[in-house]
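Q:
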Amino acid sequence: MKKTAIVTGASTGIGKAIALELAEQYERIAITSYKHPEELMHTKSLLLKQGVECIACSGDSGSYTFVQEFVQTVLSSWGRIDTLINNAGISSVCLLTELSIQEWETLLSTNLSSVFYYCHEVIPFMIREHSGRILNISSVWGEVGASCEAAYSATKGGVNALTQALGKELAPSGIAVNALSCGAVNTDMNSCFSSEELSVLEESIPFGRMASPKEAAQCALQILSSPTYLTGQIIRFDGGWI
19 MKKTAIVTGA
29 STGIGKAIAL
39 ELAEQYERIA
49 ITSYKHPEEL
59 MHTKSLLLKQ
69 GVECIACSGD
79 SGSYTFVQEF
89 VQTVLSSWGR
99 IDTLINNAGI
109 SSVCLLTELS
119 IQEWETLLST
129 NLSSVFYYCH
139 EVIPFMIREH
149 SGRILNISSV
159 WGEVGASCEA
169 AYSATKGGVN
179 ALTQALGKEL
189 APSGIAVNAL
199 SCGAVNTDMN
209 SCFSSEELSV
219 LEESIPFGRM
229 ASPKEAAQCA
239 LQILSSPTYL
249 TGQIIRFDGG
259 WI
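If you read the sequence shown in our numbering, its first letter stands for residue 19, the second for the next number, and so on.
(1) Tell me whether Val-203 sits in a helix, a strand or coil according to DSSP, three-state version.
(2) Which ranges does the beta strand (DSSP E) cover as unbroken runs of at least 3 residues, wholly within the region 164-250, from first to last along the chain?
(3) Skipping 5 residues on each side, what residues in its chain have a beta carbon closer than 7 Å to that of Ser-171?
(4) Figure out for me which residue from Ser-51, Cys-166, Ser-217 and Gly-226 has the closest Cα to the Cα of Ser-109.
(5) Between Gly-257, Leu-239 and Gly-250, which lies nearest to Glu-278 when the distance is taken from Cα to Cα?
(6) Rounded to the nearest angstrom, what separates Ala-183 and Gly-250 at their Cα positions?
(7) Look at the alpha carbon of Ser-157 and the alpha carbon of Glu-147, and state the distance between them as a whole number of angstroms.
(8) Give me, in chain order, the residues of the same chain whose beta-carbon lies closer than 6 Å to that of Leu-40; leave out the 5 immediate sequence neighbours on both sides.
(9) Assign Thr-205 to buried or exposed, taking buried as 16 or more other Cβ atoms, counted over all protein chains shown, within 10 Å of its Cβ.
(10) Only counting the same chain, and skipping five residues up and downstream in sequence, which positions put a Cβ closer than 8 Å to that of Ile-145?
(11) If you draw a straight line from the C-alpha of Ser-209 to the C-alpha of Ala-37, how long is it?
(12) Please classify Leu-153: does DSSP put it in a helix, a strand, or coil?
(13) Give the single residue among Glu-123, Met-207, Glu-116 and Tyr-44 whose Cα lies nearest to the Cα of Asn-105.
(14) In terms of residues, what are the limits of the beta strand (DSSP E) holding Ile-47?
(15) With C-beta atoms as the reference, is Thr-117 less than 8 Å away from Thr-173?
(16) For Ser-79, name the three-state secondary structure that DSSP assigns.
(17) Along the chain, where does the beta strand (DSSP E) that runs through Arg-254 open and close?
(18) Which residues does DSSP pair with Ala-23 in a beta bridge?
(19) Once DSSP output is grouped into helix, strand and coil, what is the label at Ala-106?
(20) Considering Cα atoms alone, identify which of Val-25, Gly-69, Ile-119 and Gln-86 is closest to Leu-58.
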């Protein structure tokens, strides 16, 4: 059977890098993005050049309706989903009192509810097959919290707790569920910071720099290639930062 994966938020950054790394091991990869449809199509073109079948759909992963339709499209087209990578996410840097209710709800739906939605739709198939892997892309701020990123930290903390709970719940079904807890990665998510701020940030990292998206993707692939006995874990990838 051709190995099949879903990668959310695959238009840029870590998601795109993961999709391209997966192309070395998977024959079919389905990708989504919300705000960058042109970049999503570029990711698709790169996958096709590597000989991978690809389904690419632009839509809001924080919408249960979109997630239902997308997963159904994948199953109807390919008949299976071996791996789910929940990468879709956004950030907000401000004081909690300056965050609007709408911004909070958007962060919650994009970063946390989307993980629940995709798991809700994909897990039944994996249980029937008694196999599968789920990898949630999280953040060190979900472990220790960050000033001026309270909402983002809360959503990633929720992702970590959901990961640990599902790891226990799905282990009897042979399904591995883990989270990659990223530190500072050089992606568009950091565009809100000035070059001076980024320099100070990198000085605080023992490794002396941010990780590249490719490095984060390579770590993700190592987790996915590990024995399924590795499950329910929050695996930190931060250059010794935290």
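Each residue gets a CB set at the ideal place from its N, CA and C atoms; glycine is no exception. These numbers come from a predicted model, not from an experiment.
A: On the basis of the coordinates in this document:
(1) If you number the sequence shown from 1, residue 203 lands on position 185. Val-203: strand per DSSP, three-state reduction.
(2) 193-200
(3) On the sequence shown, position 153 is the one that residue 171 refers to. If we look at Ser-171 and ignore the five residues flanking it on each side, its Cβ neighbours are Trp-159, Gly-160, Gly-163 and Ala-164.
(4) Locating residue 109 in the sequence shown gives position 91, where the first residue counts as 1. Checking every option, the nearest Cα to that of Ser-109 belongs to Cys-166.
(5) Nothing in the structure corresponds to residue 278, since the chain is present only between 19 and 260.
(6) Taking the sequence shown and counting its residues from 1, the one referred to as residue 183 is at position 165. Taking the sequence shown and counting its residues from 1, the one referred to as residue 250 is at position 232. Rounded to the nearest angstrom, the two C-alpha atoms are 7 Å apart.
(7) The residue labelled residue 157 in the question sits at position 139 within the sequence shown. The residue labelled residue 147 in the question sits at position 129 within the sequence shown. Cα to Cα, the separation comes out at about 30 Å.
(8) To locate residue 40, count along the sequence shown from 1; it is residue 22. Excluding positions up to five away in sequence, the list reads Ala-23 and Ile-47.
(9) Within the sequence shown, numbered from 1, the residue matching residue 205 stands at position 187. By the 10 Å Cβ count, Thr-205 comes out buried.
(10) Position 127 of the sequence shown, counted from the start, is the residue given in the question as residue 145. Hits under 8 Å: Leu-188, Ser-191 and Ile-193.
(11) Counting from one through the sequence shown, the residue named residue 209 turns up at place 191. Counting from one through the sequence shown, the residue named residue 37 turns up at place 19. The alpha-carbon atoms of Ser-209 and Ala-37 are separated by roughly 22 Å.
(12) To locate residue 153, count along the sequence shown from 1; it is residue 135. Strand at Leu-153.
(13) Here residue 105 refers to the residue found at position 87 when the sequence shown is read from its first residue. That would be Met-207, whose Cα lies nearest to the Cα of Asn-105.
(14) If you number the sequence shown from 1, residue 47 lands on position 29. Counting along the chain, the beta strand (DSSP E) containing Ile-47 begins and ends at 46-51.
(15) As a working mapping, residue 117 is identified with position 99 in the sequence shown. As a working mapping, residue 173 is identified with position 155 in the sequence shown. Rather than Thr, the amino acid found at residue 117 in this sequence is Leu. Not a contact, by the Cβ cut-off of 8 Å.
(16) Position 61 of the sequence shown, counted from the start, is the residue given in the question as residue 79. Of the three classes helix, strand and coil, the one that applies to Ser-79 here is coil, per DSSP.
(17) Translated into positions along the sequence shown, residue 254 becomes position 236. Run containing Arg-254: 252-255, per the beta strand (DSSP E) assignment.
(18) In the sequence shown, the residue the question calls residue 23 occupies position 5. According to DSSP, Ala-23 bridges with Ile-47 and Thr-101.
(19) Locating residue 106 in the sequence shown gives position 88, where the first residue counts as 1. Ala-106 falls in the coil class under three-state DSSP.
(20) Counting from one through the sequence shown, the residue named residue 58 turns up at place 40. The residue with the shortest Cα to Cα distance from Leu-58 is Val-25.
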